[in-house]
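See structure below.
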Amino acid sequence: MQKIEAFQSKIKEIYPQTFTEILENLKIKRPVTFRVNTLKSSKEGVISRLKGQGFQITKGPLENSFIIKSEASLKLSQTEEFNTGGIYIQELSSMIPVLELSPKEGENILDLCAAPGSKTTQIVEITQNKAFITAVERSKGRFFALKSILNLHNAKNINTMLANGVGLEKRNPSFINFFDKVLIDAPCTNEARLNPEDEKTLKFWNPKKHKSLSSLQKGLLISGIKMLKNDGILVYSTCTFQVEENELVVNWLLEKFPGVSVEKLNTNLKNSTSGITEWKNKKLNQQIKNTKRILPNRHFGGFFIAKLKKKEII
């Protein structure tokens, strides 16, 4: 019970006005959502085949997103479409960072925390295999799982690297000021995936875990910014509520690198708020208001997203 109370107290500290609603929404079992892999099939073809198997499907609120209204006698993960890479099961909030990155054909794109491959495959599909992607993963097991997913989804023009994203530019000097776009979906405390009534989901959570993670996140951001071209875009995201892993990390980067700006996001959702600009009596850089917090509801999980632009060589 101590962890449950500590977690609920942390949410109340961050969201004093709406914490009850947020805690309730964390208990919700959301419908399964997915993307269609347009490298392998048309959206219409996939949806038609799934409906033929008994699935009730509706279009989601994001580009190439679909919601399972009711499953058939089998699960979506048991279908041929899933097992042959025709679809990718992915939470709606998790699709937003790549949409904000807005990858284009011909660009050099770096995915600095690539496994399990949800966002890498999304980039590949949006650019129709016509971008040049470097996908980095530091965990050996997750790295080979990533390679398997990329192969299943017919992903091309990808340089996969088993490496630590922190300090990557020091080991690969040619990467400095090289990439048009950088995505950092950072390791975090995963608080948006926790159930405040289920102690089991809180097994690996503790109120101080953010300290080590924020240090890692800062290291990833430094390397990401250094590898980004002048006028390039970096999207930083987490699935946690901790201010220490979100706004404070971005604020720290802005203090360290004045040549970085926080750009406005294109995604507008009713269940989103601007980033927190004051925390524990400390006023943060006002550009932080351009970041977004996606609040959990019946379709979306919690997420934090910041879009950064490098305005000068660092």
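Residues in the sequence shown are numbered from 29 upward in steps of one, following this note's numbering. Where is the CB? At the ideal position from N, CA and C, for every residue including glycine. Everything numeric in this text was worked out from a predicted model, so none of it was measured.
Let's see if you can read the secondary structure: which residues bound the alpha helix (DSSP H) around I342?
Position 314 of the sequence shown, counted from the start, is the residue given in the question as residue 342. I342 -> no alpha helix (DSSP H), and no H or E assigned at all.
Kindly indicate which three-state DSSP category V263 falls into: helix, strand or coil?
Residue mapping note: residue 263 aligns to position 235 of the sequence shown, counting from 1. Three-state DSSP puts V263 in a strand.
Tell me the DSSP secondary structure of L174 in three-state form.
Your numbering for residue 174 matches position 146 in the sequence shown. Note: L174 maps to helix in three-state DSSP.
Alpha-carbon spacing of G329 relative to I161, whole angstroms
For this step, residue 329 is matched to residue 301 along the sequence shown. For this step, residue 161 is matched to residue 133 along the sequence shown. Whole-angstrom Cα-Cα distance: 27 Å.
Label A321 either buried or exposed according to how many other C-beta atoms from any shown protein chain fall within 10 Å of its C-beta, with 16 as the threshold for buried.
Position 293 of the sequence shown, counted from the first residue, corresponds to residue 321. The residue you asked about is not Ala; residue 321 is Arg in the sequence shown. So R321 ends up on the buried side.
In terms of alpha-carbon separation, which member of P215, L262, E306, N223 lies closest to L129?
In the sequence shown, the residue the question calls residue 129 occupies position 101. The shortest CA-to-CA distance from L129 to any of P215, L262, E306, N223 is the one to L262.
K209 in three-state terms, based on DSSP:
Locating residue 209 in the sequence shown gives position 181, where the first residue counts as 1. Three-state result, K209: strand.
P125 versus N294: straight-line alpha-carbon distance, rounded
Counted from its first residue, the sequence shown places residue 125 at position 97. Counted from its first residue, the sequence shown places residue 294 at position 266. C-alpha separation (whole angstroms): 11 Å.
Which same chain residues, not among the five before or five after Q315, have their C-beta less than 6 Å away from its C-beta?
Counting from one through the sequence shown, the residue named residue 315 turns up at place 287. Here the set comprises V290.
Can you grab the Cα-Cα spacing for the pair S202 / N187, in whole Å?
On the sequence shown, residue 202 is found 174 positions in, with the first residue counted as 1. On the sequence shown, residue 187 is found 159 positions in, with the first residue counted as 1. Rounded to whole angstroms, S202 and N187 show a C-alpha spacing of 14 Å.
Buried or exposed: Q270, going by 16 or more other Cβ atoms within 10 Å of its Cβ?
As a first step, residue 270 must be located in the sequence shown, where it is residue number 242. Buried, because 16 or more other Cβ atoms sit within 10 Å of the Cβ of Q270.
Select from I117, Q30, N65 the residue whose C-alpha is nearest the C-alpha of P59.
Looking up residue 59 in the sequence shown gives position 31. The shortest Cα separation from P59 among I117, Q30, N65 belongs to I117.
CB-CB length for E135 against K209, believed under 8 Å:
Taking the first residue of the sequence shown as 1, we reach residue 135 at position 107. Taking the first residue of the sequence shown as 1, we reach residue 209 at position 181. With 8 Å as the limit, E135 and K209 qualify as a contact, their Cβ atoms being about 6 Å apart.
When DSSP labels each residue in this structure, what does Q84 get in the three-state scheme?
The residue given as residue 84 occupies position 56 in the sequence shown. Strand at Q84.
Cβ-Cβ distance between K257 and E197 below 8 Å
Counted from its first residue, the sequence shown places residue 257 at position 229. Counted from its first residue, the sequence shown places residue 197 at position 169. For K257 and E197, no; Cβs fall outside 8 Å.
Measuring only the C-alpha atoms, how far is E72 from G82?
Taking the sequence shown and counting its residues from 1, the one referred to as residue 72 is at position 44. Taking the sequence shown and counting its residues from 1, the one referred to as residue 82 is at position 54. Roughly 16 Å between the two C-alpha positions.
Member of K284, N299, N274 whose CA lies at the smallest distance from the CA of T319:
Counting from one through the sequence shown, the residue named residue 319 turns up at place 291. When only C-alpha atoms are compared, the closest one is N274.
Coarse secondary structure for E273, derived from DSSP in three states:
Taking the first residue of the sequence shown as position 1, residue 273 is located at position 245. If DSSP states are grouped into helix, strand and coil, E273 belongs with the helices.
Can you tell me which of T61, S146, T268 puts its alpha carbon nearest to the alpha carbon of N223?
Reading the sequence shown from its first residue, position 195 is the one you call residue 223. Of the candidates T61, S146, T268, the one whose C-alpha sits nearest the C-alpha of N223 is T268.
Any heavy atom of the ligand SAH closer than 7 Å to the beta-carbon of K228?
With respect to the ligand SAH, the structure offers nothing, as it holds no ligand at all.
Buried or exposed for F232, going by 16 or more other Cβ atoms inside 10 Å?
On the sequence shown, position 204 is the one that residue 232 refers to. Its Cβ having fewer than 16 others within 10 Å, F232 is exposed.
When you compare only the Cα positions, how much space is there between I96 and E225?
The sequence position of residue 96 within the sequence shown is 68, counting from 1. The sequence position of residue 225 within the sequence shown is 197, counting from 1. Spanning the two alpha carbons is a distance of roughly 26 Å.
As a quick exercise: from L248, K68, S167, pick the residue whose alpha carbon is nearest that of L211.
Translated into positions along the sequence shown, residue 211 becomes position 183. Comparing Cα positions, the closest option is L248.
Check the C-beta distance from L78 over to T107 and give it rounded, since I have them as a contact under 8 Å.
To locate residue 78, count along the sequence shown from 1; it is residue 50. To locate residue 107, count along the sequence shown from 1; it is residue 79. That pair is a contact at about 7 Å.
Going by DSSP in three states, T112 sits in which element: helix, strand or coil?
Within the sequence shown, the letter at position 84 stands for residue 112. Reduced to three states, the DSSP call for T112 is coil.
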